[in-house]
Each structure stands twice: as C-alpha cells, then as structure tokens.
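Line order of the protein sequences matches chains A and B. Numbering follows the numbering used here, with no gaps: position 148 of the first sequence is 236. Numbering follows the numbering used here, with no gaps: position 159 of the second sequence is 247.
2 protein chains.
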Amino acid sequence: MGRPREFDVDDALETAMELFWRKGYEGTSLTDLTEGMGITKPSLYGVFGNKEGLFLKALERYERTKMNFFHEALKEPKARDVAEKILRGFADSQTAETGPSGCLGINGALACSEAAAEIQKCLIENRQRGERDLGRRFERAASEGDLPAGHEPYDLARYIMTISQGTAIQAASGADRSALYRVIDMALQFWSDAVVQN
Amino acid sequence: MGRPREFDVDDALETAMELFWRKGYEGTSLTDLTEGMGITKPSLYGVFGNKEGLFLKALERYERTKMNFFHEALKEPKARDVAEKILRGFADSQTAETGPSGCLGINGALACSEAAAEIQKCLIENRQRGERDLGRRFERAASEGDLPAGHEPYDLARYIMTISQGTAIQAASGADRSALYRVIDMALQFWSDAVVQN
DNA sequence: ATTTTTTTATACCGATCGGTATACAATTCG
DNA sequence: CGAATTGTATACCGATCGGTATAAAAAAAT
C-alpha cells in the first residue's frame, strides 16, 4: 500500500557501492550519492537509514557480488589452488574494466577522521575475518600435509592476504591485470619451489 | 626583521606529517592541524601556503626522514640484499612505536573526492617513482647475473613494492612488526629457492 | 469519494569545511 | 624615539557537510 517507490533499490545500491569504491566513505558526499543514484535525500534516508547504513549495505553487496570467489576458493582441495584462486580473484576484481580500480574494503576508509572511525573499524574487522578464514583453511591443509614445510598456517594466510592487499594498491595506482598476474606468479613460486610436507 | 616567529617550523611540520599519516589528507581538518601544531590559521597559511602546500611539505619531510632507507638499500651490492633492506625498511617504518601505523604515501589519499585529486595523483607518482628506481637497480642486477632466472627486473620491482604496500595495509590494520617480518621471510624465499642466473 | 499510508520534492537546519580580512603585538632599522 | 616590517589573534567569509521538517503527490483501503 501507499505510493510506490520510483527507483530500483538494487540499482541505487549498486551505484552507491561504485561511488564508495572509487572515492572512499568520506570522499563520497551525499550530493555525489543522490545525484549518482538519481534519488533525493529523503528517499535515500528512508530506504538506507543514513550514510553509514548505506555504506554498510553497499559493503554487504560488494562482498556478495564481488568477493564471492573467496569462499569458493576455500573449497579447492589443494592449498596451493586455494591460494592461487584467491590471489587471481582479487586481482580480477581490482582490475575489472567495469567498476572502479582497487578494493572497496581498502579504499573505503584506510585513514580517516574520527567521524569515520566506526566504518574504518568495520573494514579492518572485515579484512581480519578473511585472513582468519583462510588461516583456518590452511590449518586443515597442514593436517593433510598440504602446506610448504616450515611455515604456520596463519602466517601463510597473512602472506596471501598481504599480497592481495598490495595488488589492491597497485590497481588503485593504475597497474593492469597482466602486471598483477606476473606478481602473483612470483608469489606462488613459494609453493612451487618449497618442499611440501610429507 | 619584523616580529619573530613563536613556533618551530620543523616541529610544526613533524606534527602535521603525523596527523596526515594517521588520518589522511581529507581526514585531517585545519582545526586538527592548528590545534596539533599549536599555531593559528594565519600562521599556518603564512608559512605553508595552504593545506595542500602543507601536505606536500609534510610528504617531503616524510620521504627525507622515514624513507631514507630506500635509496640506501639501492646501494647494496646484491639484489637480494636490496630487496630485503627495502622490505624490512618499510615494515619497520610502518610499525614504529612512535608515529602512526602504515604509510603516509598510501594513507594520505588512496581514494578521495575530487578536491584531493591532485594530492592523490602526486602520491601515485610517488609510488611509481620508487618502483621505477628499484626497477632500474634490478636492471643493473640483471646485467650482473644477480637476479633470479626467468624474471624481468621491473616485474621483480613491482613484486617487492606490492609486498611493501601490502604490509602497509597490514600495519594499518594492526599487524605488528614480527608478523610482517614473517611475511617478508616468505616473500624472500623467492630469491633463496629460485635459481640465480649464471 | 475519502481516508490512510508511503514516497517524493523543496527548502531548510546547525556544524564544519578551507581560507582570509582586520587589527594588534613584537621585533629591526633609521 | 618613530617607522617599517613581520607574526599573531580574533572574528569572519561563502560553501559544503550530513541530516531533517514540511507538505504535496500517488497509490491502497474503506
């Protein structure tokens, strides 16, 4: 009942996600958002609560639509394939022709004012969660004798995440996909060269 | 002649550098700056021009006082030692007890509004310059048969810079120095394991 | 047809943004 | 001692920030 909404919520959220991705949380103004989404401020606040709520919903959409490769990668039977799928998945997302360069989870609020501290904290936890999930997967791999010898699972997880975060900066600085792939190839020599347990 | 300045320019610049480092260019307000530096706005504008000029001078100071290890590292005779000194130098700076976590060159303006586009561009060029300098050093190493076989000097330079940028994100997310060192140890296995030319 | 409910459009809110005009204080030079 | 010069303090500037009050518009329910 009542007057029907004149815009598509999902389309609007997609636009908001791309804006936050490209300009960060604080760098994206409500004017940027309302003009980009093609709606007025009362409509935005009616559907998404406020700027912070909109960002969190945009982040949720980002995880669901752009980071889905991550949990898929964890299902690979071999640890090396998990690592490779994650590294290439990030690089692909960070350098997609459509959509901004880099990573929303990093571009969003790396360093910011106190006003964005909550968003910053949320993004840090987001990164740590991914690293922890990967660490758990590598723990399993360790028990299966499927890791390079002499390294802790959580250290390997941090290694993979560090490289992916590095490629996010590279992409945001203009590096193209093939350049990131060559970095990833080198990072993966770790697995090729190292002696795998058992 | 005239009234003598009541503050130390170098001290004020040091404070500005730390603020920009911790909160980014756009996340640091003039109020943050004047309160932190202990001076008034007319004094700030008299000495540093404007916010953008202040940031650029802070960046210059950062390069001079915190990134000096970089060009020192390039003087190492062996490419592997160059790489290791750079990686550990970044990690040390990113996790120093005194001073903010991460890297000013990345925290400063990774994703931002149009108002900070010039600063953003300047920081991108800054990163690319470092990568190019390292690439040139590795070109020399290649001619000396001092590189792992099968890789281009500029790809190796991007590999090292990608890891350093990754550790900057890790540091900004709370990782401590020993955690970054373990990542670096893995990244350097590239050199240990790989066959070095000639 | 009227009431009720929801969305939209406009105009506005106080606070803060980067930046500056003006007046005064503190020094050197003649 | 002035006079000239430079720095500091206060108060202010227009613009923009995130957010909202008010009322009109568009649908469903009675």
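In this text, a Cβ means the ideal position worked out from N, Cα and C, and glycines have one as well. None of the values given here were measured: they were computed from a predicted structure.
Item	Value
Straight-line gap, residue 207/B to residue 136/A (C-alpha atoms, nearest Å)	32 Å
Classification of residue 40/A by the beta-carbon crowding that lies within 10 angstroms, buried from 16 upward	Only positions 89 to 286 of chain A appear in this structure, which leaves residue 40/A out of reach.
Cutoff 8 Å: residue 207/B Cβ touching any chain A Cβ	no
Neighbour flag for residue 266/A against chain B, beta carbons, 8 Å	no
Cα-Cα separation between residue 286/A and residue 176/A, rounded to whole angstroms	Note that residue 286/A scores 49 on pLDDT, short of 50, meaning its location in the model is unreliable; the coordinates nonetheless yield the value given after this. Taking the straight line from one Cα to the other gives about 27 Å.
Beta carbon of residue 122/B nearer than 8 Å to that of residue 107/B	no
Residues near residue 269/A in its chain [Cβ-Cβ closer than 8 Å; skip 5 each side]	176, 179
Same chain, Cβ closer than 7 Å to residue 195/B, neighbours up to 5 away in sequence not counted	109, 112, 260
Option in 118/A, 248/A, 170/A with minimal Cα separation from residue 140/A	118/A
Distance, residue 258/B Cα to residue 98/B Cα	30 Å
Collapsed DSSP secondary structure at residue 101/A in the structure displayed	helix
Partners in chain B for residue 210/A, counting only beta-carbon separations shorter than 7 Å	Within chain B, no residue comes near residue 210/A; the closest Cβ sits about 12 Å away, beyond 7 Å.
Residue 94/B (DSSP reduced to helix, strand or coil)	coil
Option nearest residue 171/B by Cα separation, candidates 215/B, 154/B, 129/B, 219/B	219/B
Unbroken alpha helix (DSSP H) run spanning residue 242/B, endpoints	241 to 260
Same chain, Cβ closer than 7 Å to residue 167/B, neighbours up to 5 away in sequence not counted	226, 229, 234, 235
Cβ-based burial, residue 154/A [other Cβ within 10 Å; buried from 16]	buried
Endpoints, alpha helix (DSSP H) assigned at residue 119/B	118 to 125
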